[in-house]
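One structure below.
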Amino acid sequence: MDDSDEALMARIARGDEQAFRLLARRHLPAMVGLARRVLGNAAEAEDVAQEAMLRVWTHAPRWQPLAALRTWLTRVVVNLCLDRKRRAQWVDLEAAGEIVDPSPSAGERAESDERERLLAAAIGKLPERQRAAIVLTYSEGMSNAQVAEALDTSVSAVETLLVRAKQNLRRALSGVIDEGE
Amino acid sequence: MTLDELQILLDSHGADPAQWPAALRVAALSLIAADTEARAAHEATRRLDAALAHYAKVTSDDETAAARVLTRLAAPLPRQDRAWWRWPLVLLDWQFAPAWPRVAALACCAAIGFMVGIAGLDRPFEGAGITAAGRGDIASVVFEPEAISGARP
Numbered sequence: 258m259d260d261s262d263e264a265l266m267a268r269i270a271r272g273d274e275q276a277f278r279l280l281a282r283r284h285l286p287a288m289v290g291l292a293r294r295v296l297g298n299a300a301e302a303e304d305v306a307q308e309a310m311l312r313v314w315t316h317a318p319r320w321q322p323l324a325a326l327r328t329w330l331t332r333v334v335v336n337l338c339l340d341r342k343r344r345a346q347w348v349d350l351e352a353a354g355e356i357v358d359p360s361p362s363a364g365e366r367a368e369s370d371e372r373e374r375l376l377a378a379a380i381g382k383l384p385e386r387q388r389a390a391i392v393l394t395y396s397e398g399m400s401n402a403q404v405a406e407a408l409d410t411s412v413s414a415v416e417t418l419l420v421r422a423k424q425n426l427r428r429a430l431s432g433v434i435d436e437g438e
Numbered sequence: 006m007t008l009d010e011l012q013i014l015l016d017s018h019g020a021d022p023a024q025w026p027a028a029l030r031v032a033a034l035s036l037i038a039a040d041t042e043a044r045a046a047h048e049a050t051r052r053l054d055a056a057l058a059h060y061a062k063v064t065s066d067d068e069t070a071a072a073r074v075l076t077r078l079a080a081p082l083p084r085q086d087r088a089w090w091r092w093p094l095v096l097l098d099w100q101f102a103p104a105w106p107r108v109a110a111l112a113c114c115a116a117i118g119f120m121v122g123i124a125g126l127d128r129p130f131e132g133a134g135i136t137a138a139g140r141g142d143i144a145s146v147v148f149e150p151e152a153i154s155g156a157r158p
């Protein structure tokens with residue numbers, strides 16, 4: 258049986274819950290990770306991923322395969338994250354201390370990897386659209402054109418976001434990345 | 006290409022020359038080959054790219070969180086949105102396997118309809134509905150003189 262995203266979406270459009278759970282299992286880890294990196298909050302990231310998958314279910318009968326499902330889903334997740342960021346003020350990571358993560362191993366790993374913690378903190382301080390551009394480029398492996406589609410903007414705007422984001426990261430991490438290798 | 010232009014290229018497209026626009030690739034590679042600062046900038050971008058890629062990859066935490074979300078999705082799912090103009094399409098969403106009995110039934114219906122139409126079984130018998138008045142010549146009613154006065158219309 259064809260279990261491509263498009264075939265599963267066709268089954269979901271007919272109300273097939275098993276196809277929905279198969280699709281969710283396939284995309285949820287990446288979508289939760291994407292939301293966590295954009296939001297900087299693991300619990301909220303789970304809520305966003307759940308909401309995004311429920312949108313897949315409810316909108317499936319109206320879904321048109323104009324773009325890859327993954328691109329559409331990424332766009333939904335990023336928009337939900339940016340909406341949340343607009344509603345709630347970003348908690349300054351230095352003021353908040355360690356990044357809170359419910360999983361038991363996360364704290365230990367963050368302590369053992371100071372460089373990664375600093376990088377996460379620096380990314381956390383980026384303006385939200387710069388952060389979204391960075392996360393989409395490096396976690397989803399998207400081209401600038403795909404990032405532009407996900408953020409509903411132009412390719413040149415994405416390039417500007419990336420340039421500014423990396424300038425900010427270089428300033429925040431001066432010496433850290435170079436020392437790491 | 007200047008160093009600043011190279012840095013913008015590196016920041017917007019990353020350190021991998023395969024991702025650079027073809028029009029800029031040769032000039033950028035030439036500058037990197039010729040200039041120590043350019044080479045250092047390229048190397049720094051490569052390290053930053055590697056760190057960002059490592060930061061952004063899916064972790065076991067993400068897998069655990071995804072499993073939690075999947076458990077939450079086990080609850081009864083909400084009603085799906087269906088556009089009103091798509092409702093008629095539901096009627097067309099037939100499963101045509103095996104199709105031949107349905108096609109045969111449709112062909113039989115069409116053949117019976119054709120035979121009924123040819124034989125005229127759908128029309129009433131012509132003689133039954135005609136009255137005596139209907140059988141008369143209409144011109145004789147309109148143009149004949151009146152029997153008493155002899156007046157013509």
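Protein chains in written order, with this note's numbering: chain X, 258 to 438; chain D, 6 to 158. Note that CB positions come from ideal geometry on N, CA and C, so glycine has one too.
Presumed contact (8 Å Cβ cut-off) between Q307 of chain X and R77 of chain D, rounded CB distance: 6 Å
Can you tell me where the alpha helix (DSSP H) holding T328 of chain X begins and where it ends? 326-344
Evaluate A422 of chain X with the Cβ neighbour count: other Cβ atoms within 10 Å of its Cβ, from every protein chain shown; 16 or more gives buried, anything less gives exposed. With 16 or more Cβ atoms within 10 Å of its Cβ, A422 of chain X is classed as buried.
Taking Cβ-Cβ distances shorter than 8 Å, what residues in chain D pair up with W314 of chain X? L82, P83, Q85
At a Cβ threshold of 8 Å, is A20 of chain D touching chain X? no
Since A61 of chain D and V392 of chain X are thought to touch, with beta carbons under 8 Å apart, how far apart are those beta carbons, to the nearest angstrom? 6 Å
Residue range of the alpha helix (DSSP H) that includes E263 of chain X: 262-270
Can you give me the start and stop residues for the alpha helix (DSSP H) that D86 of chain D sits inside? Counting along the chain, D86 of chain D falls outside any alpha helix (DSSP H), and DSSP gives it neither H nor E.
Please name the residue, chosen from D:D21, D:L11, D:L82, that lies closest to V313 of chain X on a Cα-to-Cα basis. The residue among D:D21, D:L11, D:L82 with its C-alpha nearest the C-alpha of V313 of chain X is D:L82.
Distance, W320 of chain X Cα to L265 of chain X Cα: 12 Å
Residues from the region 35-51 of chain D in contact with chain X, defined by Cβ distance under 7 Å: Residues of the region 35-51 of chain D whose Cβ lies closer than 7 Å to any Cβ of chain X, in chain order: A49.
Using a Cβ-Cβ cut-off of 8 Å, state whether G297 of chain X counts as contacting chain D. Answer no: the Cβ-Cβ gap between G297 of chain X and chain D never drops below 8 Å.
Any beta carbon from chain X within less than 8 Å of T64 of chain D's own beta carbon? Answer yes: the Cβ-Cβ gap between T64 of chain D and chain X drops below 8 Å somewhere.
Identity of the residue in X:A317, X:A302, X:A402, X:V289 nearest G272 of chain X by Cα: X:A317
Host alpha helix (DSSP H) of N425 of chain X (start-end): N425 of chain X -> alpha helix (DSSP H) spans 412-429.
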